[in-house]
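Participant: Have a look at this one before I ask anything.
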Amino acid sequence: SHIVLMLADDMACNPRNPKPATVFSHKNMELNVYGDDVEVDYRSYEVTVENFLRVLTGRIPPSTPRSKRLLSDDRSNILIYMTGSHGGNGFLKFQDSEEITNVELADAFEQMWQKRRYNELLFIIDTCQGASMYERFYSPNIMALASSQVGEDSLSHQPDLEIGVHLMDRYTFYVLEFLEEIHPASQTNMNDLFQVCPKSLCVSTPGHRTDLFQRDSQNVLITDFFGSVRKVEITTETISLDRDLAGFESKLPKDELATEPLKYAEQLPVAQIIHQKPKQKDWHPPGGFILGLWALIIMVFFKTYGIKHMKHIF
Amino acid sequence: GAQLQLAVPVAVVFAPGSVPGDLPRPLPFRDVQEMEISVNLRAGITSRHQMLYRSTTAQEEAALGAATAREADAALRLLQDTSLGSLTLYVIPETSSLLPQGISIYVGKHRSALVRAGGGLAALRARLQQLTQVMSFTASSIAAALSDRVPDSQLGPDARRHLKSSLGYEITFSLLNPDPKSHAVDWDIEDAVSRYVQPVLDKLSLVANFSVDSQILYYAVLGVTPRFDKESSSFLLSAHSLPHVINPVEARLGSSAASLYPVLNFLLYVPERSHSPLYIQDKDGAPVSTNAFHSPRWGGIMIYNVEAPASPQASLPLHVDVDMVRVMEVFLAQLRLLFGLSREELPPEFLVESLGNEGLADWELDRLLWAHTVENIATVSTTLTSLAQLLDKIGNIVIKDDVASEVYRAVAAVQSAVAELATGHLHAAFQASKEAVTSSERAFFDPSLLHLLYFPDDQKFAIYIPLFLPMAVPILLSLAKIVREARQRKKDPTKMD
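In structure tokens:
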């Protein structure tokens, strides 16, 4: 409901997965993390840097449905968890063909802050050199965690020889273990999350950044971001309705319902498509740089070979 | 910085026998009371009460001769200025029997109130000012409207989070029946909505568009296990388990895929037979009389207990006809609270006319409009400022023509809204502020403004050098050769080829 899940989705339904439609966290196959209640909002080709930034900043085409939008306001706490792909110093790969840089991410967060699209934001990243991704943040109320420092690689947890790939990254595995223990009334705070996956277990050194966050991390509960605990108030007021008032006459005129029959809009104007001429592309004169380059080349050519020799060539 | 002036036109009408002796000038006369509303922002906000003091006309006198305050209020309504945002305050003699003992102020259903004279002009003025603020806006209601721009410390820990100003709201009524084998629940929601909810929404239609739908969910449980209390032989849901109730249920509620308006959910929960009766406990352990709770900016939940059947051998499922009046009394009260209209916050010496089926008084509608207009204006100014900063920072974003025209429209509309507020035309100001918000949001969130074009310098070099360097080598060498030849020819002009 309030989760926007972007999955490149190339693992669970991969034709080479001997256990299709499942993703397990551990070799003993206890926990299928790709279970029944997983709703993937952006799958495979839709997972692009552009769509990710569009979701964050809200600059989405009007035809996008509700479930694919981030409908947050100034009292929403947002959790962003990025994992699974390769990263480097200052960037994160999307789908093997694109990257998002830490500068773009920081700018996107600033756009969100300007429009008050979040109250507090928790950013967790599990990739190689993950700490470089949160170096450039400058908007208030952001707390960030990463699985490895700049110059370190994040490693995977354990290989499953049946499937042939590693099941899960180490940091994600230990964070999952930690979070399985949290229940809605838990008082565990962020300092405990910072201790998850020390160097002895994870080989890389997890890092975190709290300088932009207003509250002290000790007072921030895990359930502030995970688990959706709502602020509620007991309703003590009522109004009194007159039961016998038969059909209160509305003072406003009711709209007359349209009586003409509804018909289908023309979905596919086939005739138009078949006989469509290709669109004339506007011709633009070549730009200054190209013109200058060509002029230089031609001038050098003529100077080198001399004009009077041209008639031998042509 | 910019000043925002909120002008309230107030007419103070003195009935015979109520004129204080120490008036500065003979009636009628005008006066303006300005007050700074301090809300830690760069722009200052001032409230201007534009007072017109006059005496009653013959018709008004006749209306004030009614037996009860309520009848007087109804009669006076036809004689006063009913434009949005304006107020008419009638001052009646101290000894008048129109108001009950101990009550000095009576607030009617529309835009007028009756004030008992007494204590001289200064005391009267203070009472009038307080009354005007209650019926229009106070410093705290303005601070709440600007809550996303005001630092948390100034709002106070209990600051209510009212619904943000929006062009529309969706209201969904859901009946949750976790135990259909025991209870066959029937609720005539359509009738209840058209009788009790629609009049309120019609009144609120000035503020926003409302759409209502309803659904019934079976086998939907609360997600929190109530505990059994032996003393009352009932099940109790403690106050600190309530925050965990909403999330598990919410996933099943669904919402309209097409609309982006905020959704207000009102849930009626009929507990399972094995957990009946179920009561909500407040923080002190006492059962809550409404058996309902609400969550700001989300909606409300009410628990409807079904009486145990008279004979234990009664056939299941029991047929239950929900008493929609009892339910709607709670839901409509919650709807008012979600919008920030609370009667409990009024001072005790006020007597407020009860509403009946109308749901909200005209002056409460005005309160909403004042708050929403200020909120809209603040939103527009930050949106446009932020857009300007973005365009300054990223030089190569292209602004389409329609985005530019939306920006111009937003600027014109917000200027008009500010001007209308300063002259006390609340309706016009609100409409202009709505237009301004629509245009500015459309401009800011236009999909074409996505700035993906961040090229770090080292990437630029990495891409262009391998392309141009090999090509440039022969060109540069030839250029050098040309320059050398030209220089040689200059030295030896006579040497010909």
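Protein sequence lines, in the order shown, are assigned to chains A and G.
The first sequence begins at 1 in UniProt numbering and counts up one residue at a time.
The second sequence begins at 1 in UniProt numbering and counts up one residue at a time.
Cβ coordinates follow ideal geometry from the N, Cα and C atoms, glycine included.
1) Closest to residue 39 of chain A by C-alpha separation, out of A:137, A:4, A:54, would be which residue?
2) Excluding five sequence neighbours on each side, which residues of the same chain lie with their C-beta closer than 6 angstroms to the C-beta of residue 56 of chain G?
3) Please go through the stretch 266–325 of chain G and give each complete beta strand (DSSP E) segment of 3 or more residues, from N-terminal end onward.
4) Report the neighbours of residue 231 of chain A on chain G: residues whose CB is nearer than 8 angstroms to its CB, in chain order.
5) My output table needs one value for residue 492 of chain G: the three-state DSSP class, helix, strand or coil.
6) On a CA-only basis, which of G:182, G:144, G:204 is nearest residue 275 of chain G? Give me that one, please.
7) Are there three or more Cβ pairs, one per stretch, closer than 8 angstroms when the stretch 211–219 of chain G is compared with the stretch 227–239 of chain G?
8) Quick one: which unbroken alpha helix (DSSP H) runs of 4-plus residues sit fully inside the stretch 120–207 of chain A? Chain order, please.
9) Could you pull out every residue in the same chain whose Cβ sits closer than 8 angstroms to the Cβ of residue 135 of chain G, ignoring the five residues on either side in sequence?
10) Determine which residues of the stretch 380–391 of chain G have a Cβ less than 8 angstroms from any Cβ of chain A, and write them out in chain order.
11) Which residues, taken in chain order from the stretch 304–332 of chain G, show a beta carbon closer than 8 angstroms to some beta carbon of chain A?
12) Throw me the rounded Cβ distance for the residue 475 of chain G and residue 296 of chain A pair, which I believe falls under 8 angstroms.
13) Can you list, in chain order, the residues of its chain whose CB lies under 8 angstroms from that of residue 21 of chain A, leaving out five sequence neighbours each side?
14) Only counting runs of 4 or more residues, tell me where the alpha helix (DSSP H) segments fall wholly within the stretch 411–447 of chain G, in order along the chain.
15) Residue 94 of chain G lies in the alpha helix (DSSP H); which residues open and close that run?
16) So for residue 94 of chain A, helix, strand or coil by DSSP?
17) Please give me, in chain order, every unbroken run of the alpha helix (DSSP H) with length at least 4 that falls completely inside the stretch 343–415 of chain G.
18) Run through chain B and tell me which residues come within less than 9 angstroms of residue 205 of chain A, C-beta to C-beta.
19) According to a CB-to-CB cut-off of less than 9 angstroms, which residues of the stretch 55–73 of chain A neighbour chain G?
20) What did DSSP end up calling residue 207 of chain G once you bin it into helix, strand or coil?
21) Buried or exposed: where does residue 129 of chain A fall if 16 or more other Cβ atoms within 10 Å of its Cβ makes it buried?
22) Check the C-beta distance from residue 148 of chain G over to residue 243 of chain A and give it rounded, since I have them as a contact under 8 angstroms.
23) Going by alpha carbons, who is nearest to residue 108 of chain A out of G:480, G:445, G:485?
24) Exposed or buried, which one is residue 95 of chain G when buried takes at least 16 other CB atoms within 10 Å?
25) With DSSP as the reference, identify every bridge partner of residue 58 of chain A, one or two as the case may be.
26) Is there a C-beta anywhere in chain A that falls below 9 angstroms from the one on residue 28 of chain G?
27) If you drop the 5 nearest sequence neighbours on each side, which residues of the same chain put their C-beta closer than 8 angstroms to that of residue 82 of chain G?
28) Taking only runs that begin and end inside the stretch 33–104 of chain G, name each unbroken alpha helix (DSSP H) of 4 or more residues, in chain order.
29) Can you tell me whether residue 173 of chain G sits near the ligand NAD, meaning its C-beta is under 8 angstroms from at least one heavy atom of the ligand?
30) Determine, using beta carbons only, whether residue 79 of chain A comes closer than 9 angstroms to chain G.
31) Would you say residue 18 of chain A faces chain G, with C-beta separation under 9 angstroms as the test?
32) Just checking: is the beta-carbon of residue 479 of chain G within a distance shorter than 9 angstroms of some beta-carbon in chain A?
33) Under 9 angstroms between the Cβ atoms of residue 6 of chain A and residue 42 of chain A?
34) Could you check whether residue 340 of chain G and residue 85 of chain G sit closer than 9 angstroms to each other, using their CB atoms as the reference points?
35) Under DSSP, the beta strand (DSSP E) around residue 77 of chain A begins and ends at which residues?
36) Does the beta carbon of residue 334 of chain G come closer than 9 angstroms to any beta carbon on chain A?
Facilitator: On the basis of the coordinates in this document:
1) In terms of CA proximity to residue 39 of chain A, A:4 leads the group A:137, A:4, A:54.
2) 13, 15
3) 278–280, 292–295, 299–303, 318–321
4) 161, 243, 295, 296
5) Coil at residue 492 of chain G, not helix or strand.
6) G:182
7) no
8) 170–180, 190–194, 199–202
9) 87, 107, 111, 113, 363, 366, 367
10) 382, 383, 386, 389, 390
11) Residues of the stretch 304–332 of chain G whose Cβ lies closer than 8 angstroms to any Cβ of chain A, in chain order: 325, 328, 329, 330, 332.
12) Right, the Cβ-Cβ distance comes to about 6 angstroms (below 8 angstroms), so this counts as a contact.
13) 12, 13, 34
14) 426–444
15) Run containing residue 94 of chain G: none; DSSP gives neither H nor E here.
16) strand
17) The stretch 343–415 of chain G contains these whole alpha helix (DSSP H) runs: 362–393.
18) Here the protein chains are A and G, and chain B is not one of them.
19) Against chain G - using a Cβ distance shorter than 9 angstroms - the residues of the stretch 55–73 of chain A are 57, 58, 59, 60, 61, 62, 65, 66, 67, 69, 71, 73.
20) coil
21) buried
22) 41 angstroms between Cβ atoms; not a contact.
23) Checked all of G:480, G:445, G:485; the closest Cα to residue 108 of chain A is G:445.
24) By the neighbour-count rule (16 or more Cβ atoms within 10 Å), residue 95 of chain G is not buried but exposed.
25) Beta-bridge pairing by DSSP links residue 58 of chain A to no other residue.
26) no
27) 110, 111, 362
28) Those alpha helix (DSSP H) runs which fall completely within the stretch 33–104 of chain G and span 4+ residues are 58–64, 69–77.
29) This structure does not include the ligand NAD; it has no bound ligands of any sort.
30) no
31) At a cut-off of 9 angstroms between beta-carbon atoms, residue 18 of chain A makes no contact with chain G.
32) yes
33) yes
34) no
35) The continuous beta strand (DSSP E) containing residue 77 of chain A extends over residues 77–83.
36) yes
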